[in-house]
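Undergrad: What follows is a structure written as structure tokens; I'll ask about it next.
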Amino acid sequence: AGQGPTVYQPQISADGRRFPRFEGLSSQWDAGAEYIAFFPNVLLGVHNDHAFAILLRPDGTGRTHEQVEIYYADEAVRGDEFAEMRATNTEMWRTVFSEDVDVVEGMQRGRHASGYDGGKFSAVMDAPTHHFHSWVATALSPAP
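Heads up, this note's numbering is the position in the sequence shown plus 24, with the first residue counted as 1.
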């Protein structure tokens with residue numbers, strides 16, 4: 025399950041510099057990205073210049089820790105020349121990921137509400153969610 029947005033255009037550096045890109049990418053990656061739910065608790069984000077992995081580690085029934093690692097296309101990005109850009113990129117993703125926390129926590133509160141009936145899937149909007157749930161159900165079902 026995943027998403028493939030086509031608007032990835034980060035402004036990491038005030039002077040217009042960008043991170044080096046992965047080699048051999050087609051033009052679809054100029055503004056493209058892929059965000060993949062990699063079963064069961066690993067999320068991947070792939071861009072033309074970096075990728076990230078998020079490991080979700082449950083800590084009981086009401087808390088989950090996120091461990092995020094960012095990997096860049098070129099080893100040179102580890103140098104001092106890119107330090108400020110790396111910090112900016114890290115902060116950008118920290119902001120994006122923290123915006124999701126309230127949404128996820130609200131959904132969890134709603135799922136525990138007495139009036140929650142299980143919800144409804146929309147064939148138009150929820151195909152990736154339905155696919156993911158089918159994936160989990162298959163994995164948890166006993167082997168034939």
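The beta carbon of each residue, even a glycine, is placed where N, CA and C say it ideally should be.
Would you mind sorting G69 into buried or exposed? The rule is 16 or more other CB atoms within 10 Å of its CB.
TA: Reading the sequence shown from its first residue, position 45 is the one you call residue 69. Residue environment: G69 is assigned as buried (16 or more neighbouring CB atoms within 10 Å of its CB, all protein chains considered).
Undergrad: Do the CB positions of M109 and R41 come within less than 9 Å of each other?
TA: Residue numbering aside, residue 109 sits at position 85 when the sequence shown is read from its first letter. Residue numbering aside, residue 41 sits at position 17 when the sequence shown is read from its first letter. For M109 and R41, yes; Cβs fall inside 9 Å.
Undergrad: Could you please give me the residues that DSSP links to F62 through a beta bridge?
TA: Position 38 of the sequence shown holds residue 62. For F62, which the question treats as bridged, DSSP gives the partners V66.
Undergrad: Give the straight-line distance between the Cα atoms of V125 and A163, rounded to the nearest whole angstrom.
TA: Locating residue 125 in the sequence shown gives position 101, where the first residue counts as 1. Locating residue 163 in the sequence shown gives position 139, where the first residue counts as 1. Their Cα atoms are separated by approximately 27 Å.
Undergrad: Mapping the DSSP letters down to three states, classify H136 as helix, strand or coil.
TA: To locate residue 136, count along the sequence shown from 1; it is residue 112. It is coil, neither helix nor strand.
Undergrad: Look at the alpha carbon of H154 and the alpha carbon of D39, and state the distance between them as a whole number of angstroms.
TA: Here residue 154 refers to the residue found at position 130 when the sequence shown is read from its first residue. Here residue 39 refers to the residue found at position 15 when the sequence shown is read from its first residue. Approximately 43 Å, taken between the alpha carbons.
Undergrad: In three-state DSSP terms, what is Q91?
TA: Here the question's residue 91 lines up with position 67 in the sequence shown. Strand.
Undergrad: Apart from the five residues on each side of it in sequence, which residues of its chain come closer than 7 Å, Cβ to Cβ, to P64?
TA: For the purposes of this step, residue 64 is taken as the residue at position 40 of the sequence shown. Taken in chain order, the residues that qualify are V160.
Undergrad: Can you tell me whether H74 sits near the ligand FMN, meaning its C-beta is under 8 Å from at least one heavy atom of the ligand?
TA: You won't find the ligand FMN in this model; it holds no ligand whatsoever.
Undergrad: May I ask which residues mark the beginning and end of the beta strand (DSSP E) holding H74?
TA: In the sequence shown, residue 74 corresponds to position 50, counting from 1. Taken as a continuous stretch (DSSP letters only), the beta strand (DSSP E) holding H74 covers H74 to P82.
Undergrad: What are the partner residues of Q27, as DSSP defines its beta bridges?
TA: Looking up residue 27 in the sequence shown gives position 3. Answer is Y59, bridged to Q27.
Undergrad: Below 9 Å between beta carbons: does that hold for F62 and F106?
TA: Sequence index remark: in the sequence shown, residue 62 carries index 38 (1-based). Sequence index remark: in the sequence shown, residue 106 carries index 82 (1-based). No, Cβ-Cβ distance for F62 and F106 is not below 9 Å.
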